[in-house]
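The structure appears below as structure tokens.
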Amino acid sequence: MNIHEYQAKKLLNQNGIKIPKGKIAYTANEARHAAKSVSAKGPWMLKAQIQSGARNSGHFLEPRAGQGGGIRLVKSIKDLWSEADSMLGATLVTQQTGIRGQIVSRLYVEAYTKVGFTFYAGMAVDRTQATVTLLLANTKDNDINTIAESDPEHILRLPIDLVVGPTHAQTGKAAEFLKLQPRSYDSFYLFLRGMFKTFVANEALMIEINPAGVMKNGDIVALDAKIRLDDKALFRHPENSRLKDDYETEPRELKACKYGFTYHEFDGNIGCIVNGEGVAMALTDLLKRNGSNIACWLNVKGGVDRDKIAAGIKIIATNPRVEGIVINILGGFVRCDLIADGIIDAAAEVGMNIPLVVRFEGTNRDDAENVLKRAGLPLILAYNMEDAAEKIVQSVQESE
Amino acid sequence: MSILAGRHTRVLVQGMTGTQASFHTKRSLDYGTNIVAGVTPGKGGLIHLGLPVFNTVKEAVNETKATASVMFVPAAGAKSAIIEAVEAELDLVVCITDNIPIRDMLEVKNILKNSHTRLIGPNTPGLMTPLEARLGIFPENIHRKGKIGIVSRSSTLTYEAVLETERVGLGQSTVIGLGDDLVIGMNFVDVLQEFMQDDETEAIVMIGQLGGMFEEQAAEWYKNCLNRKPIIGFIAGNSQAFSATVGYAGDIITRGKITAEDKKEALSDAGIIVVEQINRVHEALAKLNLATDD
Chain F
5 MNIHEYQAKK LLNQNGIKIP KGKIAYTANE ARHAAKSVSA KGPWMLKAQI
55 QSGARNSGHF LEPRAGQGGG IRLVKSIKDL WSEADSMLGA TLVTQQTGIR
105 GQIVSRLYVE AYTKVGFTFY AGMAVDRTQA TVTLLLANTK DNDINTIAES
155 DPEHILRLPI DLVVGPTHAQ TGKAAEFLKL QPRSYDSFYL FLRGMFKTFV
205 ANEALMIEIN PAGVMKNGDI VALDAKIRLD DKALFRHPEN SRLKDDYETE
255 PRELKACKYG FTYHEFDGNI GCIVNGEGVA MALTDLLKRN GSNIACWLNV
305 KGGVDRDKIA AGIKIIATNP RVEGIVINIL GGFVRCDLIA DGIIDAAAEV
355 GMNIPLVVRF EGTNRDDAEN VLKRAGLPLI LAYNMEDAAE KIVQSVQESE
Chain L
28 MSILAGRHTR VLVQGMTGTQ ASFHTKRSLD YGTNIVAGVT PGKGGLIHLG
78 LPVFNTVKEA VNETKATASV MFVPAAGAKS AIIEAVEAEL DLVVCITDNI
128 PIRDMLEVKN ILKNSHTRLI GPNTPGLMTP LEARLGIFPE NIHRKGKIGI
178 VSRSSTLTYE AVLETERVGL GQSTVIGLGD DLVIGMNFVD VLQEFMQDDE
228 TEAIVMIGQL GGMFEEQAAE WYKNCLNRKP IIGFIAGNSQ AFSATVGYAG
278 DIITRGKITA EDKKEALSDA GIIVVEQINR VHEALAKLNL ATDD
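Those protein sequence lines, which keep their order, are chains F and L. In this text, residue positions in the first sequence follow my numbering: the first is 5, and each later residue adds one. In this text, residue positions in the second sequence follow my numbering: the first is 28, and each later residue adds one.
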């Protein structure tokens with residue numbers, strides 16, 4: 005689960021990290037009040053609170069929101085009000101939101117903070133080493149994604165002990181790597197300790213402070229912040245579960261979540277229901293080999309029953325991109341006859357009029373196949389994944 | 028022979044009295060698995076499925092000489108259950124439990140470093156040695172005893188690989204699902220080492236996927252491996268679409284951008300036979316000209 009910048013900053017600040025003074029606003033009037041309370045004379049930063057990076061280089065779909073991106077510097081209260089008014093309710097598109105963008109429903113109003121040198125600081129679980137890793141990079145010439153992809157050796161990576169946290173030796177090495185001035189050392193140490201404390205106390209999977217900046221007096225300040233929390237640990241952090249913003253999640257994904265499924269959308273035309281991420285990936289690869297692309301996959305995970313499969317089909321069928329559905333379920337203890345019942349339930353409810361390919365492996369498969377054949381649905385049975393991919397692509401092409 | 032668990036392995040089930048655990052324990056017993064006891068705190072003294080239930084792993088080990096455990100404990104209690112098994116010095120823990128918080132697993136990994144206990148999982152279908160031991164939730168009807176070792180990161184693709192061996196009349200020595208979680212116990216290298224030393228295993232199928240560097244580690248290890256047996260490798264996640272949406276964004280910043288293509292290249296370079304589609308594994312197996320298993 006991701007949280008908003010202002011929420012992330014609050015968590016970081018509670019653990020000793022300096023942040024610019026800021027306040028959240030849902031209306032232009034609130035933004036004006038917020039501005040006055042964080043800085044008497046300005047200037048101010050107006051920051052769209054959507055859970056996406058690259059907000060600054062993004063653009064709004066609505067002309068009324070103007071040419072600017074999702075982060076704007078304003079110098080007068082009057083400008084602040086009109087800029088806030090134009091951004092609120094408008095749709096911000098960034099490299100990460102996809103073409104549909106994300107509606108801006110709240111703005112974070114911050115006192116503009118002057119900094120000199122800026123850098124990237126991240127903390128994430130490195131699954132290969134099963135450790136927490138601290139990442140630092142000088143982002144003067146390139147953004148962090150470019151560095152990570154094309155210049156990975158320019159990122160300093162330090163393994164952090166889960167109990168001890170970043171040591172003096174490590175923070176010293178990090179300060180040297182970033183070529184910080186000695187007067188920043190103390191603040192930098194507290195900054196890294198603060199990141200670590202936030203990471204551990206909230207059971208984060210990832211924290212990114214991009215950028216962090218060095219103020220005139222040498223202090224380190226977090227100018228932006230992104231935190232991803234471990235969903236599986238939220239039961240231990242009820243206060244953090246409340247930070248979830250349902251508007252950030254695609255409605256179908258939200259619905260899938262309620263059943264304990266995971267759901268992802270892509271830009272193809274075939275919807276897949278699978279149990280397991282590996283199968284989802286392998287099936288997507290196969291669709292591609294057959295000249296088609298995936299529209300979405302729904303991972304019903306592990307055991308599947310009648311109600312789950314019916315719910316899954318209903319979710320997928322509401323995706324307008326979907327022109328055909330593949331159900332590929334196998335393994336553990338799948339009762340194929342129950343899945344067949346679920347398919348019939350859902351088909352009756354949504355009025356299945358697009359090709360449906362079903363492949364399953366498990367107990368009572370023969371019964372299930374007979375049930376499906378008798379139901380008179382427009383469905384095709386497949387004997388393995390490769391066969392399923394070929395059949396769905398072919399029948400979608402034929403139905404066009 | 029087989030790896031890690033076979034007919035003589037004395038197995039206990041942690042959390043045995045739960046619904047899912049009861050269901051699978053019964054199936055494993057019917058399959059012939061040498062399950063000797065269950066552990067559920069507070070239910071010691073009970074007889075469940077004809078087996079004694081103990082309050083602690085230590086008690087169960089003292090009474091039954093069990094050396095391995097299968098775990099169905101709910102996520103919130105899984106960390107302490109694994110640690111309990113490590114402290115009782117079990118050789119093998121197979122953790123089926125899903126949804127364990129990552130921090131708990133990081134702590135578990137730290138503890139495992141100083142112990143001889145091997146952990147499979149969590150969030151895995153477990154370990155299956157056909158006709159000998161079923162430690163987990165494998166559908167036993169698809170398995171046949173034989174000479175192919177299977178190790179997979181993806182639970183469901185494990186079954187797919189099993190079906191592929193079947194297509195060419197081959198069976199499995201042992202099948203292991205490494206687990207679908209971000210932080211897991213045993214990895215490819217750990218399992219491959221076992222397979223290389225196992226008399227019964229003649230070839231191995233490894234199923235990898237996008238994310239992490241476990242396949243690269245395996246490739247590196249295989250390069251320098253003496254007396255190596257053939258490995259057939261498959262990697263899921265070729266489509267470009269995944270890098271942004273799926274999996275774990277932390278991978279890119281912690282390791283740099285690694286694609287499925289990179290992984291396949293690493294495997295090929297090391298001499299692993301890479302297949303492009305999971306349903307072509309049987310063709311690669313056929314080319315090895317192994318005698319069929321009956």
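Quick reminder that beta carbons are idealized off the backbone N, C-alpha and C, glycines included.
Checklist entry - What is the DSSP secondary structure of PRO215 (chain F), reduced to helix, strand or coil? => result To locate residue 215 (chain F), count along the first sequence from 1; it is residue 211. PRO215 (chain F): strand per DSSP, three-state reduction.
Checklist entry - How would you list, in chain order, the residues of chain F whose beta-carbon sits under 9 Å from the beta-carbon of PHE241 (chain L)? => result Translated into the one-based positions of the second sequence, residue 241 (chain L) becomes position 214. Those are ARG131 and THR132, listed as they occur along chain F.
Item to check | TYR251 (chain F) classed as buried or exposed, judged by whether at least 16 other C-beta atoms fall within 10 angstroms | outcome: By one-based count along the first sequence, residue 251 (chain F) stands at place 247. Classification of TYR251 (chain F): exposed, given that the 10 Å Cβ count is below 16.
Checklist entry - So, is the C-beta of THR272 (chain L) closer than 7 Å to a C-beta in chain F? => result For the purposes of this step, residue 272 (chain L) is identified with residue 245 of the second sequence, where counting begins at 1. Summary for THR272 (chain L): the model assigns pLDDT 47, below 50, so the residue's position carries little reliability, and this model does not support an answer.
Checklist entry - Per DSSP, which one or two residues make a beta bridge with PHE99 (chain L)? => result Counted from its first residue, the second sequence places residue 99 (chain L) at position 72. According to DSSP, which records beta bridges pairwise, PHE99 (chain L) is partnered with nothing at all.
Item to check | beta strand (DSSP E) segment containing ALA263 (chain L), residue limits | outcome: The residue given as residue 263 (chain L) occupies position 236 in the second sequence. 258-263 is the extent of the beta strand (DSSP E) around ALA263 (chain L).
Checklist entry - Beta-carbon of VAL308 (chain F) versus every beta-carbon of chain L: anything under 7 Å? => result Position 304 of the first sequence, counted from the start, is the residue given in the question as residue 308 (chain F). Closer than 7 Å: no.
Item to check | ILE164 (chain F) in three-state terms, based on DSSP | outcome: Indexing the first sequence from 1 puts residue 164 (chain F) at position 160. If DSSP states are grouped into helix, strand and coil, ILE164 (chain F) belongs with the strands.
Checklist entry - Taking C-alpha atoms, which residue in F:ASP223, F:PRO170 and F:MET219 lies nearest to ARG197 (chain F)? => result Counting from one through the first sequence, the residue named residue 197 (chain F) turns up at place 193. The candidate whose alpha carbon is nearest that of ARG197 (chain F) is F:PRO170.
Checklist entry - Any chance the CB of MET389 (chain F) is under 6 Å from a heavy atom of the ligand NAD? => result What this structure holds is no ligand at all, so the ligand NAD is not there to describe.
Item to check | As assigned by DSSP and simplified to three states, the class of PRO79 (chain L) | outcome: Translated into positions along the second sequence, residue 79 (chain L) becomes position 52. Reduced to three states, the DSSP call for PRO79 (chain L) is strand.
Checklist entry - What runs of the alpha helix (DSSP H), each 4 residues or longer, lie entirely inside the stretch 329-383 of chain F? => result 340-354 and 369-378
Checklist entry - Mind checking VAL273 (chain L): buried by the 16 CB within 10 Å criterion, or exposed? => result By 1-based counting over the second sequence, the position of residue 273 (chain L) is 246. Note that VAL273 (chain L) scores 47 on pLDDT, short of 50, meaning its location in the model is unreliable; the coordinates nonetheless yield the value given after this. Classification of VAL273 (chain L): buried, given that the 10 Å Cβ count is 16 or more.
Checklist entry - What three-state label does DSSP hand THR272 (chain L) in the structure shown? => result Position 245 of the second sequence, counted from the start, is the residue given in the question as residue 272 (chain L). The pLDDT assigned to THR272 (chain L) is 47, lower than 50, so where the model puts this residue is not dependable; a value taken from the coordinates is nonetheless given after this. Helix at THR272 (chain L).
Next on the checklist: So within the stretch 186-253 of chain F, which uninterrupted beta strand (DSSP E) runs reach at least 3 residues, ignoring any that extend past its ends?
Outcome noted: 208-218, 224-226 and 230-233
Item to check | Beta-carbon contacts of ALA12 (chain F) that lie in its chain and below 8 Å, excluding the five residues immediately before and after | outcome: If you number the first sequence from 1, residue 12 (chain F) lands on position 8. Result list for ALA12 (chain F): ILE211, ALA229, LYS230 and ILE231, in chain order.
Checklist entry - GLU87 (chain F) to GLY217 (chain F), Cα distance in whole Å? => result Along the first sequence, read from residue 1 onward, the residue named residue 87 (chain F) stands at position 83. Along the first sequence, read from residue 1 onward, the residue named residue 217 (chain F) stands at position 213. If you take the alpha carbons of GLU87 (chain F) and GLY217 (chain F), they lie about 25 Å apart.
Next on the checklist: Please return the same chain residues whose Cβ sits closer than 8 Å to the Cβ of SER403 (chain F), not counting the five positions on each side in sequence.
Outcome noted: One-based indexing of the first sequence puts residue 403 (chain F) at position 399. Correct list, in chain order: GLU327, GLY328, ILE358 and PRO359.
Item to check | chain L contacts from the stretch 222-238 of chain F (Cβ-Cβ distance under 7 Å) | outcome: ASP234, LYS236 and ALA237
Checklist entry - Which residues, in chain order, does the stretch 170-190 of chain L contribute to contact with chain F at a C-beta distance below 9 Å? => result SER179, ARG180, SER181, SER182, THR183, LEU184, THR185, TYR186, GLU187 and LEU190
Next on the checklist: Beta-carbon within less than 6 Å of ILE213 (chain F)'s beta-carbon, same chain only, minus the 5 sequence neighbours each way: which residues are those?
Outcome noted: In the first sequence, residue 213 (chain F) corresponds to position 209, counting from 1. ALA125, ALA226 and ALA229, listed in sequence order.
Checklist entry - Taking DSSP as the reference, what is the three-state secondary structure of ARG131 (chain F)? => result As a working note, residue 131 (chain F) is residue 127 in the first sequence. ARG131 (chain F): coil per DSSP, three-state reduction.
Checklist entry - Once you ignore the five residues that flank LEU290 (chain F) on each side, which residues in its own chain have a CB closer than 7 Å to its CB? => result Numbered from 1 along the first sequence, position 286 holds the residue referred to as residue 290 (chain F). Excluding sequence neighbours, LEU290 (chain F) sits near MET389, GLU390 and ALA393.
Next on the checklist: I need the DSSP call for LYS51 (chain F), collapsed to helix, strand or coil.
Outcome noted: Position 47 of the first sequence, counted from the first residue, corresponds to residue 51 (chain F). In the structure shown, LYS51 (chain F) sits in a strand (DSSP, three-state: E or B).
Item to check | Endpoints, the beta strand (DSSP E) within which HIS268 (chain F) is located | outcome: Along the first sequence, read from residue 1 onward, the residue named residue 268 (chain F) stands at position 264. Start and end: 266-269.
Checklist entry - In its own chain, which residues sit with a C-beta less than 7 Å from the C-beta of GLU254 (chain F), not counting the 5 before and 5 after it? => result The residue given as residue 254 (chain F) occupies position 250 in the first sequence. The answer, listed in chain order, is GLU269.
Item to check | Extent of the continuous alpha helix (DSSP H) run through LEU302 (chain F) | outcome: Counting from 1 along the first sequence, the entry for residue 302 (chain F) is found at position 298. First-last for LEU302 (chain F): 298-303, but that is the beta strand (DSSP E), not the alpha helix (DSSP H).
Item to check | Pairwise C-alpha distance: CYS340 (chain F) and ILE75 (chain F) | outcome: Taking the first residue of the first sequence as position 1, residue 75 (chain F) is located at position 71. Taking the first residue of the first sequence as position 1, residue 340 (chain F) is located at position 336. Roughly 52 Å separates the two Cα atoms.
Item to check | Environment of SER80 (chain F) [buried if 16+ CB atoms lie within 10 Å] | outcome: The sequence position of residue 80 (chain F) within the first sequence is 76, counting from 1. Exposed is the call here.
Item to check | Paired residues, beta bridge with HIS63 (chain F) - DSSP | outcome: As a first step, residue 63 (chain F) is located in the first sequence; it is residue number 59 there, counting from the start. F:VAL97, per the DSSP bridge assignment.
Checklist entry - How would you list, in chain order, the residues of chain F whose beta-carbon sits under 7 Å from the beta-carbon of GLU134 (chain L)? => result Stepping through the second sequence from its first residue, residue 134 (chain L) is reached at position 107. Per Cβ cutoff of 7 Å: LEU166.
Next on the checklist: Taking its Cβ as the centre, do 16 or more other Cβ atoms sit within 10 Å of SER188 (chain F), making it buried, or is it exposed?
Outcome noted: Counting from one through the first sequence, the residue named residue 188 (chain F) turns up at place 184. Flag for SER188 (chain F) reads buried.
Next on the checklist: At the 7 Å Cβ level, is LEU154 (chain L) part of the contact set with chain F, yes or no?
Outcome noted: Numbered from its first residue, the second sequence carries residue 154 (chain L) at position 127. Cβ-Cβ to chain F under 7 Å: no for LEU154 (chain L).
Item to check | Minimum Cβ-Cβ distance from LEU219 (chain L) to chain F less than 7 Å | outcome: One-based indexing of the second sequence puts residue 219 (chain L) at position 192. No, LEU219 (chain L) lies away from the interface with chain F (no Cβ there is under 7 Å from its Cβ).
Checklist entry - Going along the chain, which residues of its own chain have a beta-carbon closer than 6 Å to the beta-carbon of ASN19 (chain F), five neighbours each way excluded? => result Numbered from its first residue, the first sequence carries residue 19 (chain F) at position 15. GLY198, LYS201 and THR202.
Checklist entry - Does PRO101 (chain L) have its Cβ less than 7 Å from a Cβ in chain F? => result Counting from 1 along the second sequence, the entry for residue 101 (chain L) is found at position 74. No, PRO101 (chain L) lies away from the interface with chain F (no Cβ there is under 7 Å from its Cβ).
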